[in-house]
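Peer 1: Counting in my numbering, the sequence shown runs from 192 upward without gaps. Sharing a structure with you now.
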Amino acid sequence: MRERLSCIVVDDEEGAHLVLHHYIKDIRKLELKASFYNPVQAMDYMYDHEVDLIFLDINMPGLNGLEMLRALSNPPFVILTTAYKEYALESYEYRVVDYLVKPFDIKRFMAAIDHVFSRYSTAVKSVVSDPAVIQIIVPSSSVVVKVDGDFVRIMCKDIVYIQSWGNYVKIFTASGSHISSLTTAEMEQKLDKAVFMRIHKSYIISLERIRRISGGLVELDSGERLPIGSTYRRELLAYFQK
């Protein structure tokens with residue numbers, strides 16, 4: 192188990208930064224790495240730095256907190272810090288550990304931190320690996336998407352392909368299809384890149400479903416023939432010829 196968990200603060204309010212910095216500095220097992228007023232800057236930082244925990248506001252101009260989480264393929268633990276309660280249910284689609292409603296005090300903050308370390312300890316105990324290398328395993332056997340206002344869990348093994356559908360995606364499975372209010376890029380971030388591949392600006396396929404590649408088309412075991420974009424052709428052929 193790591194001696195300290197690295198964390199960042201993402202909030203557009205100066206007061207929230209001051210309170211969180213004050214609380215975090217007294218927690219020996221937390222290490223505050225950076226603070227951001229803009230979710231895009233936070234994501235840019237996370238591409239190059241390991242982060243274990245985010246203190247994340249929801250209502251921010253531009254990209255909001257939940258949109259930031261949707262864009263992350265493997266988000267760390269999250270404690271939401273917001274003045275609004277109505278997002279609580281939707282937030283638990285992600286790795287949200289606790290939900291702090293502003294203004295919160297030290298007792299509520301410490302309860303949230305205890306939840307994080309409890310969840311972290313459980314995750315570490317479930318790992319079977321070299322004792323010198325501790326990794327947190329995040330299940331990737333399914334994805335949760337919003338369909339007609341409801342949250343639907345879809346098993347990844349059932350997904351045949353995904354098609355861009357304007358500002359939505361249409362997810363084709365072995366038993367039917369679902370239209371979800373995600374962009375193709377957002378959906379791509381949710382999927383395991385070892386199992387799914389973007390083959391066109393409008394299509395993501397399950398690599399296990401490929402039957403053959405003929406000219407500029409890929410044929411899936413379900414019979415669908417989908418176009419291959421020139422940008423994606425080389426990577427697809429390299430995978431198929433392994």
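Every residue, glycine too, gets a C-beta built ideally from N, C-alpha and C.
How should D248 be labelled, buried or exposed, when 16 other C-beta atoms within 10 angstroms of its C-beta is the threshold for buried?
Peer 2: Counting Cβ neighbours within 10 Å, D248 comes out buried, since at least 16 surround it.
Peer 1: Find out if the Cβ-Cβ distance for the pair Y236, F227 is shorter than 8 Å.
Peer 2: Their beta carbons are under 8 Å apart, which means Y236 touches F227 by this criterion.
Peer 1: If you compare alpha carbons, which of F295, S355, F268 and L291 is closest to H391?
Peer 2: The shortest Cα separation from H391 among F295, S355, F268 and L291 belongs to S355.
Peer 1: Quick test of your reading: V351 and R400, contact by CB under 8 Å. State the CB separation rounded to the nearest angstrom.
Peer 2: The beta-carbon distance between V351 and R400, rounded to whole angstroms, is 5 Å. This is short enough to meet the 8 Å contact definition.
Peer 1: Excluding sequence positions up to five away, which residues of its chain have a Cβ less than 7 Å from the Cβ of R195?
Peer 2: K220, L221 and E222
Peer 1: At the level of alpha carbons, what is the spacing between P322 and S312?
Peer 2: In this prediction, P322 has a pLDDT of 43, which is less than 50 and means its spatial position is unreliable; nothing more can be read from the coordinates.
Peer 1: Who are the Cβ neighbours of Y203 in its own chain at under 6 Å, not counting the five residues just before and after it?
Peer 2: Contrary to the premise, residue 203 reads as Asp rather than Tyr in this sequence. Cβ within range, chain order: Y228 and M251.
Peer 1: May I have the straight-line CA-CA distance separating L428 from G253, to the nearest angstrom?
Peer 2: 38 Å
Peer 1: Give me whichever residues DSSP pairs with D289 in a beta bridge.
Peer 2: DSSP output for D289 lists I270 as bridge partner(s).
Peer 1: Name the DSSP beta bridge partners of P230, please?
Peer 2: P230 pairs with nothing; no bridge assigned.
Peer 1: DSSP on A365, reduced to helix/strand/coil?
Peer 2: Residue state, collapsed to three classes: coil.
Peer 1: Between which two residues does the beta strand (DSSP E) harbouring E410 extend?
Peer 2: L408 to L411
Peer 1: Threshold first: 3 residues or longer. Then list the beta strand (DSSP E) segments lying entirely within the stretch 331-399, N to C.
Peer 2: Contiguous beta strand (DSSP E) elements confined to the stretch 331-399 occur at 333-338, 341-346, 350-356, 359-364, 368-371, 387-391 and 394-397, taking only those with 3 or more residues.
Peer 1: Is the beta carbon of S393 closer than 8 Å to that of T375?
Peer 2: yes
Peer 1: Ignore the nearest five residues each way along the sequence and tell me which others in P241's own chain have a CB closer than 7 Å to its CB.
Peer 2: One point to set straight first is that residue 241 is Glu, not Pro, in the sequence displayed. Excluding sequence neighbours, E241 sits near S197.
Peer 1: Please work out which residues of its chain come closer than 7 Å, Cβ to Cβ, to R424, disregarding the five sequence neighbours upstream and downstream, and give them in chain order.
Peer 2: none
Peer 1: Expressed to the nearest angstrom, what Euclidean distance is found between the alpha-carbon atoms of V201 and A302?
Peer 2: Taking the straight line joining both Cα atoms gives about 20 Å.
Peer 1: Check for me: the beta strand (DSSP E) holding S518 runs from which residue to which?
Peer 2: Lying outside 192 to 433, the shown extent of the chain, residue 518 is not represented and no answer is given.
Peer 1: How big is the Cα-Cα spacing for L209 and G340?
Peer 2: 36 Å
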